[in-house]
Amino acid sequence: MLYSLVLELIDTFSFLNVFKYLTVRTGLAIFTSLLVVFLIGTPFINFFSAKLILNPIRKDGPDEHIFKKIGTPTMGGVLILIGLFSGIFLWGDLKNIYVWFLIYIVASYGLLGAYDNYKKIKFQNSSGISFKFKIISQIIIAIVGILLLNYFSDNADLENLYFPFFKNLIINLGWFFIPFAVFIIVGSSNAVNLTDGLDGLATVPVILVAGCFAFISYVTGNMVFSEYLQIPYIQGVGEASVFLGAVIGACLGF
18 MLYSLVLELI DTFSFLNVFK YLTVRTGLAI FTSLLVVFLI GTPFINFFSA KLILNPIRKD
78 GPDEHIFKKI GTPTMGGVLI LIGLFSGIFL WGDLKNIYVW FLIYIVASYG LLGAYDNYKK
138 IKFQNSSGIS FKFKIISQII IAIVGILLLN YFSDNADLEN LYFPFFKNLI INLGWFFIPF
198 AVFIIVGSSN AVNLTDGLDG LATVPVILVA GCFAFISYVT GNMVFSEYLQ IPYIQGVGEA
258 SVFLGAVIGA CLGF
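When you number the sequence shown by my numbering, it's gap-free, plus one each residue, and the end is 271.
In structure tokens, the structure reads:
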């Protein structure tokens, strides 16, 4: 939203041209989401603790882990999402289809995770939603997102599978790109959950992976760098680096 306002004022204030650079807006997204999580983190935790909205502890862990986890508030993912969306809605190009695709996937999976936590709190156990319900829901969300992206995107090469640093090595997946993309999305989501484990260790791996993907999306969306690195150029995909910057900032704050 703030980025859209800046674009309107560029003709009047030429120094605002700096905000057109992806690197600048990615840095601002990192800072914004980090600051938001810092500012609301303590009140957020205190509120959930006061309301006794606590995380049910799994009994199959070490005794030391169970003891340390007693009284830990749940819904930490909501805090990350608030920071993330603050960064992207302020500094992202909301006319970009790739940004909205990422927002849709993260928001939908976030709501699914919140529902899982709600069931854990309501029934005071660590089971939450069933594995079958979770996987089916994730697959449906991913399919809808891919179909919407395919419908609204102007990218004629969306169905192509590219191999980094081999510019001419391209496989057209046809409609098979839908199950392939769904596998990547659902697999990535569950990989984060597995990494998180019992101790909530996912933030550092997420930061590292998001940083790598931010770099890849930036160079892929830059005509000069993509040509130099022999990476296929995809117009508009560089905007994903701003979103990923917001992810990094939110995780750092968390």
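We put the CB at the ideal spot given by N, CA and C, even for glycine.
Query                                                                                                      : Result
Residues near I27 in its chain [Cβ-Cβ closer than 7 angstroms; skip 5 each side]                           : L33 and N34
Backbone secondary structure at I120 - three-state DSSP                                                    : helix
Terminal residues of the beta strand (DSSP E) in which L178 lies                                           : N177 to F180
DSSP three-state assignment for F183, whether helix, strand or coil                                        : strand
Beta-carbon proximity of F193 to I163, cut-off 9 angstroms                                                 : no
Cross-strand partners of I188 (DSSP beta bridge)                                                           : L178
Contact check, T212 vs C268, beta carbons under 9 angstroms                                                : no
Simplified DSSP assignment, three categories, for G109                                                     : coil
Three-state class that DSSP yields for Q155 in the structure shown                                         : helix
Beta-carbon proximity of F230 to A46, cut-off 9 angstroms                                                  : no
Nearest-angstrom Cα separation, counted from A257 out to N113                                              : 9 angstroms
Status (buried if at least 16 other CB within 10 Å, exposed otherwise) for S103                            : buried
T29 to I105 span [Cα, whole Å]                                                                             : 25 angstroms
Residue range of the alpha helix (DSSP H) that includes L33                                                : Here L33 belongs to no alpha helix (DSSP H), and DSSP marks it neither H nor E.
Buried versus exposed call for F200 [16 or more other C-beta atoms within 10 Å across all chains shown]    : exposed
D133, buried or exposed, once every other Cβ within 10 Å from all chains shown has been counted against 16 : buried
Buried or exposed by the 16-neighbour rule on C-beta atoms within 10 Å, applied to A198                    : buried
Close Cβ partners of F61 (< 6 angstroms) along its chain, the five nearest in sequence each way excluded   : L96
Selection from F232, Y250 and S234 that minimises the alpha carbon distance to M240                        : Y250
Beta-carbon proximity check, I248 vs F182, cutoff 9 angstroms                                              : yes
S205 versus Q252: straight-line alpha-carbon distance, rounded                                             : 24 angstroms
Closest by C-alpha distance to G109, when choosing among L52, L51 and V23                                  : V23
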